DNA sequence: ACCGGTTGTTCACGTGCTTTTTACGAGTGC
DNA sequence: GCACTCGTAAAAAGCACGTGAACAACCGGT
């Protein structure tokens, strides 16, 4: 039951993969360059995937201190993460906003890929 | 024998599911985006499912203050909830009107899916 | 120590969503 | 028919979120 190499400390979602031991992030097999804050935020989201996480909790987990009133850092870094994830894996939407509640990470398919010919 | 994760703080009705812990709403497994008021109204209805709830009580539960005379907010938000629920789960009718008394939530099957050819 | 590039923080503005309120028409029961 | 209740759309105001950019702090290499 220990045949796997480093599977135990690896978080996955869709074709996204994060090795906690060395902090390596793979998107469909390719390395994805993230900054420290981006990585810690992504890990916080992955460890609670499919659940809504309030900003206060995300900030505590990724920054290690309580969120101050009016601080928008989480929004800014969610945006940075989204940009990189969308560039690396355009077919997925990972981070979902729950208005008034917080964010949720789930590897859902982008409902793009509509037929653009018969637009409105 | 209590291996389940967070089943205890989850309200269900038909294929509808509300996790009280994080406020996530699932309709047939898919996340359903609700606003804060919509969620609190839905929870109030679910906690008294199959019973008729007067507007005054629904307002107190979802808004946290007494209903003022002439306020139609409950009706407006019941309509918003109905719209979203019907979009997500067309085969069910959840919120039922009891004229002069209030609303009741029960996951009944829509007797739609009639043959539309022989309409009245 | 200097320089260039990267990262983290904060601010500002626009946009869209939420909530409240009003209005009017349709439905219901007497 | 009449009075009341409910469904629904929409205007108006407020607020949360998305986003770009400026600035400072940090870091490695020379």
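Protein chains in written order, with my numbering: chain F, 1 to 120; chain L, 121 to 240.
For every residue, glycine included, the Cβ atom is placed at its ideal position computed from N, Cα and C.
Being a predicted model, the structure only gives us computed values, none of them experimental.
For residue 149/L, count neighbouring Cβ atoms within 10 angstroms of its own Cβ and tell me buried if that reaches 16, exposed if not. exposed
So, with DSSP's three-state summary, where would you put residue 119/F? For residue 119/F, the predicted model reports a pLDDT of 33, less than 50, meaning its position is unreliable; a value from the coordinates is still stated below. Residue state, collapsed to three classes: coil.
Note down the Cα distance separating residue 114/F from residue 175/L, rounded to an integer number of angstroms. A caution first: residue 114/F carries a pLDDT of 41, below 50, which makes its placement in the model too unreliable to give a value.
Return the Cβ separation of residue 73/F and residue 93/F in integer angstroms, given the expectation that the two are a contact with Cβ distance under 8 Å. With a Cβ gap of about 22 Å, residue 73/F and residue 93/F do not count as contacting.
If we count Cβ pairs, one from each stretch, closer than 8 Å, do we get three or more for the stretch 141-156 of chain L versus the stretch 215-228 of chain L? no
So, are the CB atoms of residue 44/F and residue 89/F less than 8 Å apart? no
Can residue 64/F and residue 39/F be called in contact, C-beta distance under 8 Å? no
Could you tell me the alpha carbon to alpha carbon distance between residue 140/L and residue 25/F, rounded to whole angstroms? 32 Å
Do you know offhand how far residue 78/F's Cα is from residue 70/F's? 16 Å
Compute the Euclidean distance between the alpha carbons of residue 51/F and residue 18/F, then round it to the nearest angstrom. 18 Å
Does any CB atom of chain L fall closer than 8 Å to the CB of residue 98/F? yes
Delimiting residues of the beta strand (DSSP E) encompassing residue 212/L: 212-218
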